[in-house]
Structure formats: C-alpha cells, structure tokens
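Take a look at the structure set out below.
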Amino acid sequence: MDKRLKWLNNLLCFEVAARNESYSKAAKELHISQAAVSQQMRQLEANLGISLFRRQGRKMLLTAPGRTLLASCKNGFSEIINGLNQVQEEPIEGSLTISSTQAFCALWLMPNLFAFFNLFPDINVNIQASNRIENLHDGNIDVAIRFSTSTTSLLDDTLVVEKFAEDGVIPACSPEFQSKMQLKTVKDLLNARLLSLACEEKANWENYFENDKIDLSNTVLNKTTVSSSDLALSAALAGQGVMLAGDFMIRQYLNSGQLVIPVAKPHPVRWKYHFVYLKNSPKQQRIAHFCDWLKKQMTANEVKLSSKELHYLVTQ
Numbered sequence: 091m092d093k094r095l096k097w098l099n100n101l102l103c104f105e106v107a108a109r110n111e112s113y114s115k116a117a118k119e120l121h122i123s124q125a126a127v128s129q130q131m132r133q134l135e136a137n138l139g140i141s142l143f144r145r146q147g148r149k150m151l152l153t154a155p156g157r158t159l160l161a162s163c164k165n166g167f168s169e170i171i172n173g174l175n176q177v178q179e180e181p182i183e184g185s186l187t188i189s190s191t192q193a194f195c196a197l198w199l200m201p202n203l204f205a206f207f208n209l210f211p212d213i214n215v216n217i218q219a220s221n222r223i224e225n226l227h228d229g230n231i232d233v234a235i236r237f238s239t240s241t242t243s244l245l246d247d248t249l250v251v252e253k254f255a256e257d258g259v260i261p262a263c264s265p266e267f268q269s270k271m272q273l274k275t276v277k278d279l280l281n282a283r284l285l286s287l288a289c290e291e292k293a294n295w296e297n298y299f300e301n302d303k304i305d306l307s308n309t310v311l312n313k314t315t316v317s318s319s320d321l322a323l324s325a326a327l328a329g330q331g332v333m334l335a336g337d338f339m340i341r342q343y344l345n346s347g348q349l350v351i352p353v354a355k356p357h358p359v360r361w362k363y364h365f366v367y368l369k370n371s372p373k374q375q376r377i378a379h380f381c382d383w384l385k386k387q388m389t390a391n392e393v394k395l396s397s398k399e400l401h402y403l404v405t406q
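In my numbering, the protein residues as written are 91 to 406.
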C-alpha cells in the first residue's frame with residue numbers, strides 16, 4: 091500500500107478548504123476548528139514539500155500544484171461516493187428536504203404540495219423557506235429551487251444544476267389602485283407607491299425605470315421595502331401599491347382579476363428556475379420523482395390570461 095494513503099484525512103480537509111477557498115468555511119463544513127484545518131493543511135504541505143494555498147484577502151487561493159491536486163481529489167472522492175451510493179442508495183420511501191425562497195414556498199410550492207403526497211405518500215417532503223443560498227454540502231438540504239438570471243452562475247462540479255422554467259418580471263397592482271392612480275405609462279408609476287424587495291439588485295424599480303430611459307437623478311421614488319415577494323403581494327392585493335413579480339408567481343391573481351398589469355412594459359430581467367442538488371446524493375430516486383412532478387405540476391397549473399395580458403407576456 092502506498093504510504094501516502096495515510097494522508098486521506100488531510101486530503102479530505104484539503105478538498106473542502108479548496109472548494110470553499112476558506113479555512114473558516116471548511117471548518118464549519120467539517121465541524122472542526124479553524125486551527126485544526128490550518129494544522130492539517132500545514133501537515134499536508136510539509137509531507138508534499140510544496141505550497142498548496144496562497145492567501146489573498148480573506149480567501150485562500152490555490153497554487154498551480156494545488157489546482158492539480160484538487161482535480162484529482164474531486165475525481166477520487168466522487169468515485170468513492172458513487173461506490174458507496176451503489177451499495178447504500180436509499181429507497182424511494184423516506185424524507186426529502188426542499189429549500190427555496192420564502193415567496194416561492196408560500197405562493198406556489200405549499201399550495202400545490204398535496205398533489206405530490208397523493209402520488210407519493212411514502213415520501214415525506216419537508217420545506218425550508220429561506221432567502222439565503224444554503225450550502226447543500228452541509229447535508230441539511232436535498233434539493234434547492236433557485237432563481238437566477240444566468241444558469242452558469244450556479245454551476246458547480248459537485249452539483250446537478252437543471253434549468254426547468256423561465257419567466258419575466260412584470261409590474262402588478264390591484265385594479266382599484268390602477269384606476270385611482272390612473273396608471274397607463276411607465277412615467278405614471280413614478281407617482282405611485284412602489285413595493286420593493288430589500289437587497290434586490292437586478293429586478294428592482296431603479297433598473298426598470300432606467301431601462302425606459304428615465305433619469306432618476308432628481309427623483310425620490312415612493313418605495314416601501316419588504317423582505318420577500320409574498321409580503322409585496324399581500325400589499326398589492328390590498329391596493330397599497332405596485333409590485334414587480336415573476337409572471338408565473340402571480341398568474342392565478344391575474345386570472346382571477348385580483349391583480350392587473352397596469353403598464354405593458356416588462357422588466358428587462360428574466361428569471362431562470364433551477365433544481366440544484368448533489369450529484370452523489372443517495373436520495374436520487376426521491377429527487378427524480380420530486381423534480382419530475384414539479385415540472386409537470388407547473389405546466390398543468392398554467393392558467394389562461396386575458397387576450398391583452400397574454401399578448402403582452404408573449405410579445406414583450
């Protein structure tokens with residue numbers, strides 16, 4: 091046996107530290123102290139006689155030999171996990187934890203989840219709503235449903251990232267609010283109460299107006315900031331203002347007439363919906379059933395809009 095195989099624990103620690111570009115994040119994932127991670131990396135570098143990391147600010151970046159070793163470690167550990175999964179793959183029956191934004195969980199996933207239980211009563215789905223990007227390597231989340239303007243930004247060698255839907259972002263308000271404020275053009279919205287998501291850097295009102303060549307330098311927007319889209323929806327339904335929302339998320343309210351599109355001008359941002367899960371998850375059977383169901387359910391739940399709204403959504 092090659093004596094270097096005694097370094098397996100050090101190599102595992104190295105892979106985690108290299109993937110996170112951080113000793114502190116590696117310590118959190120491995121449930122050990124940061125000092126222990128540093129010690130293991132010093133031992134590995136001493137045994138190899140080379141430097142694997144270089145510090146840049148708060149990040150620990152790989153050297154050229156470090157990048158070579160990381161690629162080999164990823165392949166090696168992946169093969170080991172594949173072998174373990176072949177002998178330990180979990181049956182269809184059991185639990186599955188799903189993570190997504192608070193808005194998606196509240197507005198779509200929870201109201202539709204009963205249909206999944208009817209098909210797969212032996213799969214117990216747990217929902218974890220969070221607006222943070224959860225680390226799937228911690229083992230607490232089996233499938234994350236994430237939204238991004240780019241699929242490539244989510245890619246990771248250890249994860250499956252599957253785009254399954256895409257929709258636009260549109261202004262929406264109650265018909266009473268539109269009538270009261272006489273909203274017909276983008277400029278009309280400058281005088282309206284705007285419901286805005288905190289920390290939203292892409293699908294926000296500033297970008298919406300700037301895309302229509304409206305100069306905001308001397309304008310103070312009438313904004314109410316909320317932490318998630320379901321809160322903005324509650325306010326919009328109550329006639330308190332105009333929100334920006336993914337058209338799929340609010341189609342049922344457009345169809346019922348509770349919401350209308352006051353201005354036929356979409357936001358330039360389009361959201362892509364993705365499934366994200368570990369490539370080597372032992373729960374592959376459950377994950378496959380859930381992802382297939384969700385795709386079919388979203389298609390089945392598409393509602394018919396009025397001809398004006400449908401024309402707007404299709405042509406813009």
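Using N, Cα and C, we set each Cβ at its ideal position, and we do this for glycine too. This structure is a prediction, so every number in the text was calculated from the model and none was measured.
- Do D246 and I377 have their CB atoms nearer than 8 Å? No; because the gap between Cβ atoms is not below 8 Å, this pair is not in contact.
Checklist entry - D257 bridges to which residues according to DSSP? => result Looking at the DSSP output, D257 bridges to W361.
Query raised in the report: Is the beta carbon of T275 sitting closer than 8 Å to the one on V353?
Result: Judged by their CB atoms, T275 and V353 are nearer to each other than the 8 Å cut-off.
* To do: Out of V215, L120, K313, L95, state which residue places its alpha-carbon closest to the alpha-carbon of A107.
  => Of V215, L120, K313, L95, the residue nearest in Cα terms is L120.
| query | Can at least three beta-carbon pairs, one atom from the region 242-257 and one from the region 357-367, be found at a separation below 8 Å? | reply | Yes, the region 242-257 touches the region 357-367.
For N221 and Q192, believed in contact at Cβ under 8 Å, the rounded distance = Contact flag correct, Cβ pair sits at about 6 Å.
Margin query: Give me the DSSP bridge partner(s) of Q146.
Written below: For Q146, DSSP records a beta bridge to K149.
task: Compute the beta-carbon to beta-carbon distance between F194 and I223, rounded to the nearest angstrom, for a pair I have assumed lies under 8 Å.
output: Between F194 and I223, the beta carbon gap of about 14 Å keeps them out of contact (Cβ cut-off 8 Å).
At what residue ranges does the region 182-218 contain a whole run of the alpha helix (DSSP H), taking only runs of 4 or more?
Taken in chain order, the complete alpha helix (DSSP H) segments of 4 residues or longer contained in the region 182-218 are 200-209.
Any idea if N100 is buried or exposed, counting beta-carbon neighbours within 10 angstroms, 16 or more meaning buried? For N100, the number of other beta carbons within 10 angstroms of its own is at least 16, and it is reported as buried.
With distances taken Cα to Cα, identify the nearest neighbour of A282 among I213, C289, K313, P358. Cα-wise, what sits closest to A282 is K313.
- Given P155 as reference, the closest of E135, I171, R148 once Cα atoms are compared: Cα-wise, what sits closest to P155 is E135.
- Query: By how many angstroms is the C-alpha of L306 removed from the C-alpha of L280?
  - Reply: C-alpha separation (whole angstroms): 9 Å.
Note to self: Contact between the region 167-183 and the region 282-298 is defined here as three or more beta-carbon pairs at a separation below 8 Å; is this criterion met?
What the structure shows: In short, these stretches do not touch, since the Cβ pair count stays below three.
- Cα-Cα, which of V350, G329, L174 is closest to D337? Closest in alpha carbon position to D337, among V350, G329, L174, is V350.
By the DSSP assignment, the alpha helix (DSSP H) with V332 in it spans what residues? Residue range 332-336 is occupied by the beta strand (DSSP E) that includes V332, with no alpha helix (DSSP H) assigned at that position.
_Suppose the cutoff is 8 Å on Cβ atoms and the five residues either side in sequence are ignored; what does the same chain contact list for T405 look like?_
Low confidence applies here, because T405 scores a pLDDT of 37, under 50, leaving its location unreliable and the question unanswered by this model.
Worksheet entry | Cβ shell of L249 (< 8 Å), same chain only, five flanking positions each side left out | Beyond the five residues adjoining it in sequence on each side, L249 comes within less than 8 Å, by CB distance, of L226, V366, Y367, L368, K369 in the same chain, given in chain order.
Original post:
Which value, in whole angstroms, describes the spacing of the CA atoms of R145 and Y113?
Top reply: Answer to the nearest angstrom: the Cα atoms are 11 Å apart.
Exercise for the section: Compute the beta-carbon to beta-carbon distance between E180 and I213, rounded to the nearest angstrom, for a pair I have assumed lies under 8 Å. Expected result: The Cβ separation is near 11 Å, so there is no contact.
Per-residue burial, A288 [other beta carbons within 10 Å of its own, 16 or more giving buried] = Taking a 10 Å sphere around the C-beta of A288, we find fewer than 16 other C-beta atoms and assign the residue as exposed.
Practice task
Locate the beta strand (DSSP E) running through T314, then write down its first and last residues.
Solution key: T314 -> beta strand (DSSP E) spans 313-316.
> Using DSSP with H/G/I as helix, E/B as strand and the rest coil, what is V106?
Replying inline: V106 carries a helical assignment under DSSP once its states are collapsed to helix, strand and coil.
Cα-Cα separation between T158 and E105, rounded to whole angstroms: Cα-Cα distance, rounded: 11 Å.
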